[in-house]
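Taking it in order: structure first as structure tokens, then the write-up.
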Amino acid sequence: MLNIVLFGPPGSGKGTQSEKIIEKYGLVHISTGDLLREEVAAKTDLGMQAKEIMDKGELVSDSIVIGMIRNKLEEHRDASGFIFDGFPRTVEQARELRKALTDYDQSVSLMISLEVPREELVKRLLKRGEETGRSDDNLETIGNRIDVYNRQTIPVTYYYDKMHKHASVDGTGSIDAIFDRITEVISKVQI
Ligand code: AP5
Ligand code: MG
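Structure representation (structure tokens):
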């Protein structure tokens, strides 16, 4: 099985590249951001709590997102692999993912981090904010999302570094050029 963690700051292209990866490798896509936005849209209790946190650009609690991940793993027991997009975002989430996958005799194959400079992230997200109205794509929240990433999420890279499972990929340029770089690093772990 191929289990990929697609990692990177807000606007680095995790969602965009996930679509191409699932098409090529037939993986199940799990984006904690998308799952949370579904809860917000359905106006569930969890969604109402999460919206306030997401609109500030802070992280939703580890226990909530880990619960969502466990549900998805159970729902797709027969998947040929997963792509985790925007998860894990804390070292605690990375540890819990390891435990959850172990229950299915699985592990993370590779963590790919997309590297994009801050100015480019802000530019992409402001543009999307104008086009789609995503509520956390405004200048103030974008700034905080990037700060939260640098403070709370970057340590996850060290967790996978220690296991020799971390590959950095240049996330600038055309979507296809970035995808080529991603397939190259995946080809090195495929058995
Ligand atoms: P989440 O939904 O994960 O958002 P994010 O990490 O901020 O990232 P984005 O979805 O904005 O960007 P992306 O990297 O997917 O890029 P995309 O492909 O869309 O999280 C949202 C919130 O939910 C968090 O702030 C937090 O509150 C909460 N949350 C989620 N997961 C959590 C967790 N695990 N723990 C706790 N809280 C959690 O691209 C961005 C834009 O750029 C698009 O418009 C795209 O078309 C464009 N673009 C893509 N590639 C290129 C390119 N090569 N050139 C030019 N433009 C490009
Ligand atoms: Mg995304």
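So for the sequence shown, numbering that gives the first Met the number 0 puts the first residue at 0; every next one is plus one. For glycine and all other residues, C-beta sits at the position ideal for the given N, C-alpha and C. Because the structure is a prediction, the values reported are computed rather than measured.
Burial state of residue i (16 or more Cβ within 10 Å)
i    : result
I204 : Since the first residue of the chain shown is 0 and the last is 190, residue 204 is not available in this structure.
G56  : buried
L138 : exposed
Y158 : buried
T140 : buried
V64  : buried
T171 : exposed
S17  : buried
T31  : buried
G142 : exposed
K126 : exposed
P87  : buried
H163 : exposed
DSSP beta-bridge partners of residue i
i    : result
L96  : Paired residue(s): none; L96 is not in a bridge.
F6   : S112
D169 : E114
L1   : G80
Residue i: first and last residue of the uninterrupted alpha helix (DSSP H) it sits in
i    : result
P87  : No alpha helix (DSSP H) holds P87; DSSP gives it neither H nor E.
S11  : Counting along the chain, S11 falls outside any alpha helix (DSSP H), and DSSP gives it neither H nor E.
S186 : 174 to 188
Three or more C-beta pairs below 8 Å linking the region 75 to 90 and the region 11 to 30: yes
Any 3 or more C-beta pairs closer than 8 Å across the region 40 to 47 and the region 104 to 121: no
Inside the region 13 to 84 only - beta strand (DSSP E) runs reaching at least 3 residues: 27 to 30, 80 to 84
Contact between the region 59 to 70 and the region 95 to 103 (3+ Cβ pairs under 8 Å): yes
At least 3 beta-carbon pairs within less than 8 Å: the region 30 to 38 vs the region 124 to 131: no
The region 178 to 185 contacting the region 47 to 56, beta-carbon criterion three pairs below 8 Å: no
The region 138 to 155 / the region 100 to 108 touching (three or more Cβ pairs under 8 Å): no
Any beta strand (DSSP E) of 3 or more consecutive residues that is wholly inside the region 117 to 171: 165 to 169
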